């Protein structure tokens with residue numbers, strides 16, 4: 003059983019399109035995250051949700067909208083895609099009261115043409 | 070204050086050698102210092118972590134050295150193997166919060 007699973011693994015799309023990435027965790031964690039990893043491998047946090055409530059929004063453009071229907075799911079919708087959005091997006095989860103170890107999914111590689 | 074500075078950016082080591090990656094932080098509120106290992110096409114995964122109440126932690130060939138006064142910590146990989154070739158990220162966080170700051174990563178290549 004995959005602990006943190008995200009779909010799709012690959013996305014190729016044209017500029018201006020809208021796309022979504024889905025994430026699910028079966029670890030019983032209370033906090034979920036979206037991280038962006040650019041071509042230089044920098045890992046940057048975008049959003050964090052704790053018990054379905056947004057707790058981090060790191061100056062991400064409004065075109066990015068996360069949605070957490072329940073504690074186990076955190077989806078990312080991106081409107082009007084731009085070339086600079088091309089990156090690998092990682093979903094992660096953790097248990098805040100614990101060490102805070104992050105469990106990452108395998109990533110979703112988004113390519114905007 | 071929120072940065073974690075990591076060096077070197079890339080590292081090439083011969084099989085059997087020692088790989089050393091260094092990180093420095095500013096925020097003294099950080100109390101958890103993990104290292105993550107990322108293989109191509111995969112997400113980062115926790116390798117080893119330390120808290121500031123100890124100066125060293127060893128797990129197999131991997132050791133974290135922690136210098137609280139200098140606000141620095143480092144990862145040592147003994148007897149480096151080609152299978153250790155990956156990108157390594159240090160990080161710092163505050164237990165019980167969502168504040169998790171990553172270093173910029175080190176691409177390690179171990180030559181056979």
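Residue numbers (my numbering), protein chains in the order written: chain W, 3 to 115; chain V, 70 to 181. Built from N, CA and C at the ideal position, the CB exists for glycine as well. The model shown is predicted, which means the values in this text are computed figures rather than measured ones.
If I follow the unbroken beta strand (DSSP E) through residue 37 (chain W), where does it start and stop? 33-39
Against chain W, does residue 132 (chain V) count as a neighbour if the rule is that its beta carbon must be under 8 Å from one of theirs? no
Check each residue of the stretch 64-80 of chain W: if its Cβ is closer than 7 Å to any Cβ of chain V, include it; give the result in chain order. none
DSSP state of residue 151 (chain V) mapped onto helix, strand, coil: helix
Per DSSP, which one or two residues make a beta bridge with residue 75 (chain V)? Residue pairing for residue 75 (chain V): DSSP places it in a beta bridge opposite V:92.
My guess is that residue 62 (chain W) and residue 83 (chain W) are in contact by the Cβ rule of under 8 Å, so how many angstroms apart are they, rounded? With 8 Å as the limit, residue 62 (chain W) and residue 83 (chain W) do not qualify as a contact, their Cβ atoms being about 14 Å apart.
8 Å Cβ cutoff, residue 74 (chain V) in contact with chain W: no
Select from W:18, W:12, W:15, W:46 the residue whose C-alpha is nearest the C-alpha of residue 94 (chain W). Selected option, being the one with the closest Cα: W:46.
Give me the Cα-Cα distance between residue 15 (chain W) and residue 90 (chain W), rounded to the nearest whole angstrom. Rounded to the nearest angstrom, the two C-alpha atoms are 14 Å apart.
With a 10 Å radius around its C-beta and 16 neighbouring C-beta atoms as the bar for buried, classify residue 172 (chain V) as buried or exposed. buried
Is the stretch 102-114 of chain W in contact with the stretch 53-61 of chain W, if contact means three or more CB pairs nearer than 8 Å? no
Positions along the stretch 104-135 of chain V whose CB lies within less than 9 Å of some CB in chain W: 105, 107, 110, 111, 112, 113, 114, 115, 118, 120
CB contact flag (residue 163 (chain V), residue 100 (chain V), <8 Å): yes
Using the beta-carbon of each residue, which ones in chain V are nearer than 8 Å to residue 45 (chain W)? Under the 8 Å cutoff, chain V gives 113, 158, 171, 174.
Cβ pair residue 123 (chain V), residue 92 (chain V) closer than 8 Å: no
In the DSSP assignment, the beta strand (DSSP E) including residue 72 (chain W) goes from what residue to what residue? 66-72
Identify which residue in W:44, W:5, W:12, W:32 has its Cα closest to the Cα of residue 71 (chain W). It is W:32.
Does any C-beta atom of chain V lie closer than 8 Å to the C-beta of residue 98 (chain W)? Answer yes: the Cβ-Cβ gap between residue 98 (chain W) and chain V drops below 8 Å somewhere.
Checking contacts by CB at 8 Å: is residue 88 (chain W) closer than that to chain V? So, not an interface residue.
Continuous beta strand (DSSP E) stretch holding residue 103 (chain V): start and end: 102-107
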